[in-house]
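Chains as they are written, first to last, in the numbering used here: chain A, 211 to 355; chain B, 211 to 355; chain C, 211 to 355; chain D, 211 to 355.
Pasting the structure below:
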């Protein structure tokens, strides 16, 4: 989807909204880029969030992907609008292990009320990226009161 | 689903397998109960994992639900088998905020290869539980080599 | 969910809305019951909609479950409101083969805008029902203009 | 995903397997193309499968997308292997109405046991295609006995 953003300050607004989330600091998630209808985020690998095999527990790529997809949705919304999580579905394709995870989100549809994204999550090790998970996500726009 | 467990030590084995996960300690997740085809887990509310509104970020109930559903699946598997995450879908019904989250998982089908669960996640505040999320999840059995 | 329906004529209105759909007649789907937050529908097995093994193609239980879940959602909406399909996820648990399929839908949440259901689809043969599929579904309320 | 197919006759084998399904003839679904990891199918619009607004009922694009994704999966499998439906999730983005639906499937991962696809479904009217639905799908390989 290539769309002219309604909010000329989408980049700064998305960064401000998402960086205000305590979870971003706790997990060390950083925004790599925000584009109209797209977002890239990275999260360092941290043993503290692994399961018994030493891979990140399956929910962790979902945390990153959900955040990244929400930011991509917000990039196409009018100034002041926020994104409320409706639902998502995620498939796990390879172990989430390495130096860090990188999520790449694209908006498939940006509707008046509902937006849909697809988000790839890569496990990156020594510069090599492996597709570890794929999400399809629905969010709802909440306009400022 | 009411099934006689194949593994007579399912309770101890499930607790051992899931408590060995570093993420359980990091997030303070505890196993409340394991039954044949069922599991209940709780996770304390922690501001460190919230988004901008002060609710847990949407991925966090998914972390808890995925773990709880995986444990429920394992309860019906033969001794030594483990659960590999295939995919899940989760709907968000109410803000994940309160004293703690409680997940309740039930196995819908326990197959030779694939198992399916449904998991409710409640936000509990002052003893009152609100359904905050609902997951439908697929896992795959990995037999010992 | 046990809820007093907002629409006292929910039963007649749901039946009228769903029976007006051409697909119901084409596939022989009939409404067995509508209750507040619930619906049961049946669809005869028809070889015309099978795949190569003689089972109904996977989309066919989805057709029935989506319709059944939509009807359950509508039962809790105000008079005149309609249901628009947002998304669904469905797991296939057993072959869809037998005399007919029976879908049983329950509303998990009926919100102002979005509703969520779970729907079981049973394959019924000689009176014996096997769980063949499980859906988790999101619909949106469209109020009359 | 760009992969060398294991089965040199993937095109003929996929066409034979899918065209053997009675549902293909009943609904007039035709295979436009099969490529390694990809498939395109079309289904004519037919009022017989519409809901009350004159759009195809939501399950109908799911029928087409599930078939198309399954064929794409099969294109990367060894000769003789078949695809069993595990689960799918589908979002509805625009009304399924027009001259015909066109589904375009791409394999995201082709594993030894499980394969994952994404499938776009377009509603085509007077040559103009509108994205009407998006599916993310899991299938399982069944090897010949």
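Backbone N, C-alpha and C fix where the C-beta goes; we use that ideal spot for every residue, glycine too.
The structure presented is a predicted model; accordingly, all values stated were derived computationally and were not measured.
Test item: CB-CB of residue i and residue j under 8 Å
i                      : j                      : result
residue 350 of chain D : residue 311 of chain D : no
residue 334 of chain A : residue 308 of chain A : yes
residue 274 of chain A : residue 218 of chain A : no
residue 325 of chain A : residue 317 of chain A : yes
residue 302 of chain A : residue 339 of chain A : no
residue 268 of chain D : residue 262 of chain C : no
residue 258 of chain C : residue 352 of chain C : no
residue 297 of chain D : residue 300 of chain C : yes
residue 232 of chain C : residue 260 of chain D : yes
residue 228 of chain A : residue 246 of chain A : no
residue 266 of chain C : residue 306 of chain C : yes
residue 346 of chain D : residue 346 of chain A : yes
residue 320 of chain C : residue 213 of chain C : yes
Residue burial classification, residue i (beta-carbon count within 10 angstroms, cutoff 16)
i                      : result
residue 242 of chain B : exposed
residue 276 of chain D : buried
residue 328 of chain D : buried
residue 354 of chain D : exposed
residue 288 of chain A : exposed
residue 235 of chain B : exposed
residue 295 of chain B : buried
residue 248 of chain C : buried
residue 315 of chain C : buried
For this session: Select from the segment 326 to 350 of chain C all residues with a C-beta closer than 8 Å to any C-beta belonging to chain B, and list them in chain order.
Result: 326, 328, 341, 344, 346 and 348
For this session: Could you tell me which uninterrupted alpha helix (DSSP H) segments, each at least 4 residues in length, are contained entirely in the segment 212 to 253 of chain A, listed from first to last along the chain?
Result: 220 to 229 and 232 to 237
Exercise. Can at least three beta-carbon pairs, one atom from the segment 275 to 287 of chain A and one from the segment 276 to 291 of chain B, be found at a separation below 8 Å?
Worked result: Output reads no: the segment 276 to 291 of chain B does not touch the segment 275 to 287 of chain A.
Problem set entry | Selection of the segment 292 to 305 of chain A by Cβ proximity to chain C, strictly under 9 Å | Cβ contacts with chain C: 296, 297 and 299.
Exercise. If you measure beta-carbon to beta-carbon, which residues of the segment 278 to 292 of chain A are closer than 7 Å to chain B?
Worked result: none
Problem set entry | 3-residue-minimum beta strand (DSSP E) runs that sit fully inside the segment 247 to 327 of chain D, ordered along the chain | 248 to 254, 292 to 302 and 310 to 320
Problem set entry | Where the segment 225 to 241 of chain C meets chain D: residues whose CB sits under 7 Å from a CB there | 227, 230, 231, 232, 233 and 236
Problem set entry | the segment 252 to 271 of chain C / the segment 229 to 242 of chain C touching (three or more Cβ pairs under 8 Å) | Look at the beta carbons and you see the segment 252 to 271 of chain C touching the segment 229 to 242 of chain C: at least three pairs across the two are nearer than 8 Å.
For this session: Select from the segment 312 to 324 of chain D all residues with a C-beta closer than 8 Å to any C-beta belonging to chain B, and list them in chain order.
Result: With the criterion set as a beta carbon lying under 8 Å from some beta carbon of chain B, the members of the segment 312 to 324 of chain D are 323 and 324, in sequence order.
Exercise. Using a Cβ cut-off of 9 Å, which residues of the segment 239 to 260 of chain A contact any Cβ in chain B, in chain order?
Worked result: Residues 256, 257, 258, 259 and 260.
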